[in-house]
Structure formats: structure tokens, C-alpha cells
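Colleague: Provided herewith is a single structure, encoded as C-alpha cells, for subsequent inquiry.
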Amino acid sequence: QVQLVESGGGLVQAGGSLRLSCATSGLTFRSYAVGWYRQAPGKQRELVEDISSAGSTNYADSVKGRFTISRDNAKNTMYLQMNSLKPEDTTVYYCNASITYDFWGQGTQVTVSS
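Residue numbers (the working numbering): 570 to 683.
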């Protein structure tokens, strides 16, 4: 059974930092492209940043220079380091693992106060 479990969300002041983690099990993690998405109420889920099995990354323009994705294949875990957080970053963040099928975590709330 595939599981993705996020942690690290919370409340932070604008300009602060958070580090999200997503621990996975039940899949060959190193073979998967993995990424972080976010979804605000009433809006479509959007890509924040992803990283391929080879290590190449894609990111949304809105997080360029502020967020960094990484993966630890030995720990079957992905991370999202979020710096210089803004109130508009407030929403639920989801981790994803994708190969021929998408697996999702349950989501973690990030709230940035102004």
C-alpha cells in the first residue's frame, strides 16, 4: 500500500521559513518524479515545484528563489524548504509521487501571517 505523509506545516510570520517533509512508503521512491503542489479554496491545484528521478526540477514563477525542493532516496522522503514566505503562500500543500500513476499525500496547512 502506497502512503505519502506530509509534515512540517504550520503558522509563520511573513518573511519566515518552513520546511515541509513527505515520507513515502510502498513505492520505489527513486524511480518516481516527486513534487509539491498547493491548492487554495475554490482554485485548481497548482504545481509549486517538482523534481524528476534524475534530479531535474521545475518550479512555479511565484516561488522562484524562495522555495527549494529536494529528495533523499535513501530515506524515501522529499522536502520543500520555503523561505521568505508571503501571506499569499497560505494554503494547503500536497506532496505527489508520479510515474504512470499519481499518488498524493493528505495535505498540510501552511499559514503565513502578515
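Backbone N, C-alpha and C fix where the C-beta goes; we use that ideal spot for every residue, glycine too.
Which residues in the same chain as residue 629 place their Cβ atom closer than 8 Å to its Cβ, once the five residues preceding and following it in sequence are excluded?
Modeller: 615, 616, 617, 618, listed in sequence order.
Colleague: Thinking residue 666 and residue 596 are a contact (beta carbons under 8 Å), I'd like their distance in whole angstroms, please.
Modeller: The pair is a contact, with the Cβ atoms about 6 Å apart (cut-off 8 Å).
Colleague: Exposed or buried, residue 674, counting other C-beta atoms within 10 Å across all chains shown (16 or more means buried)?
Modeller: Looking at its Cβ environment, which holds 16 or more other Cβ atoms inside 10 Å, residue 674 is buried.
Colleague: Please classify residue 614: does DSSP put it in a helix, a strand, or coil?
Modeller: Of the three classes helix, strand and coil, the one that applies to residue 614 here is coil, per DSSP.
Colleague: Following the continuous beta strand (DSSP E) through residue 627, name the residue where it begins and the one where it ends.
Modeller: Run containing residue 627: 626–628, per the beta strand (DSSP E) assignment.
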